[in-house]
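Numbering (mature numbering (1 follows the signal peptide of the UniProt record, and there is no 0)), first residue to last: -23 to -1, 1 to 331.
Here a beta-carbon is modelled for each residue, glycine too, at the ideal position from N, C-alpha and C.
So this is what it looks like as structure tokens:
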């Protein structure tokens, strides 16, 4: 969090609140909320109760895995530490992550030199996913206090046969206080497009329906709840799971009720910016979707949305060859010394400093 004089903020923010008396003398808190797919962050320990060998580190020799694991942690910590610092001056206050094996890899991550000074806490539950990957929430203890959390299982079945379960990642729900403001966060990693987009679509629709039920239950208690849905959705801003099930709006002006959901990444996608690239085509599977109350608090007495973006500095991009400019993934026929096959996404929230 950084204290900012208003005249140091972007011109757009000046214009946006120019109607406030003595606006040029006000100061604001700003915090970054982010999401990052960490691409196969697995440890080197073989768990006989998991399929944890079915990943790039698990397939390495013992010596190679021991060499690569700390390098992977170091790279991910560097990338995370830089998200949002252009404006906030600090790493994310709240960070949703996916493709992590267990609590231990998260502890190892937050204890890296680039992250340890920020005293990150962890919210994590083991999920039944066949790849042994989970979602989790990291948070800076100086600005966020969890009040309640629970995983919500996404129930999938093979060929609609309820005796044949297919297991995927849970939807993680966390309620907490961000500098005293109550917020609700859902961390998602929806089923992949394995087998093809059309065939796998019902699985992502089911995951979206699971998330929507959680949001509905929160809003039934408080229609003005500040909710953030974040994750690697394995769907674009235009797909059924997002546009129909969540009923997201593209423009803030389209929001008419507190329960409405706005996707600030829809416009970013149509500007030609993505988080993943495949076969010379970009898409934006990583998104943060928010409810109307995060957009309309004009007096800034509580946190409100300011800006969204994709964090894609040059070092997170493949530096050469056919895939130059694509996300610099960690693994491609072995260790690459890269980061992830996804770019992280973020939003800035601002609040008047009293």
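**Asked** CB residue 156 to CB residue 331, shorter than 8 Å?
**Response** no
**Cβ neighbour criterion (16 or more within 10 Å) applied to residue 307** = buried
**Request:** Keeping to the same chain, check which residues put their C-beta closer than 6 Å to that of residue 260; ignore five residues upstream and five downstream.
**Result:** 213, 251, 253
**Asked** By how many angstroms is the C-alpha of residue 290 removed from the C-alpha of residue 63?
**Response** 11 Å
**Request:** Given a cut-off of 8 Å, decide if residue 10 and residue 71 are closer than it, judged by their beta-carbon atoms.
**Result:** yes
**Separation of residue 187 from residue 238, as counted between CA atoms** = 15 Å
**Asked** How is the alpha helix (DSSP H) around residue 264 delimited, first residue to last?
**Response** Counting along the chain, residue 264 falls outside any alpha helix (DSSP H), though it belongs to the beta strand (DSSP E) covering 263 to 268.
**Request:** In the DSSP assignment, find the beta strand (DSSP E) that holds residue 204 and state where it starts and stops.
**Result:** 204 to 209
**Request:** With residue 62 as the anchor, note down where its alpha helix (DSSP H) starts and where it stops.
**Result:** 62 to 65
**Request:** Figure out for me which residue from 14, 36, 6, 2 has the closest Cα to the Cα of residue 207.
**Result:** 14
**Simplified DSSP state of residue 162, which is helix, strand or coil** = strand
**Prompt:** For residue 153, which residues of its own chain have a beta-carbon under 7 Å away from its beta-carbon, when the five flanking residues on both sides are left out?
**Reply:** 121, 122, 123, 124, 160
**Request:** Thinking residue 325 and residue 61 are a contact (beta carbons under 8 Å), I'd like their distance in whole angstroms, please.
**Result:** 7 Å
**Beta-carbon contacts of residue -5 that lie in its chain and below 7 Å, excluding the five residues immediately before and after** = Reliability fails at residue -5, whose pLDDT of 44 lies under 50, so the model's placement of it is uncertain and the value that follows must be treated cautiously. Excluding sequence neighbours, residue -5 sits near nothing in its chain.
**Prompt:** Does DSSP put residue 294 in a helix, a strand or coil?
**Reply:** strand
**Message:** What does the Cβ neighbour count give for residue 337, buried or exposed, with the cut at 16 atoms within 10 Å?
**Reply:** No answer is possible for residue 337: the residues shown for the chain start at -23 and end at 331.
**Message:** By alpha-carbon positions, which one of 126, 118, 76 ends up nearest to residue 100?
**Reply:** 126
**Given residue 204 as reference, the closest of 54, 36, 163, 87 once Cα atoms are compared** = 163
**Prompt:** Alpha carbon to alpha carbon, what distance is there between residue 297 and residue 319?
**Reply:** 17 Å
**Request:** Compare the C-alpha of residue 247 against each of 88, 233, 236, 227 and name the closest.
**Result:** 227
**Request:** Please name the residue in 25, 19, 24, 26 whose C-alpha comes closest to that of residue 34.
**Result:** 19
**Request:** Apply the 10 Å Cβ neighbour rule to residue 128 and answer buried if 16 or more other Cβ atoms are within range, or exposed otherwise.
**Result:** buried
**Request:** Measure the C-alpha to C-alpha separation of residue 235 and residue 270 and round it to an integer number of angstroms.
**Result:** 6 Å
**Spatial distance of residue 131 from residue 284 (CA atoms)** = 31 Å
**Item:** Counted within 10 angstroms of its Cβ, other Cβ atoms place residue 87 as buried (16 or more) or exposed
**Value:** buried
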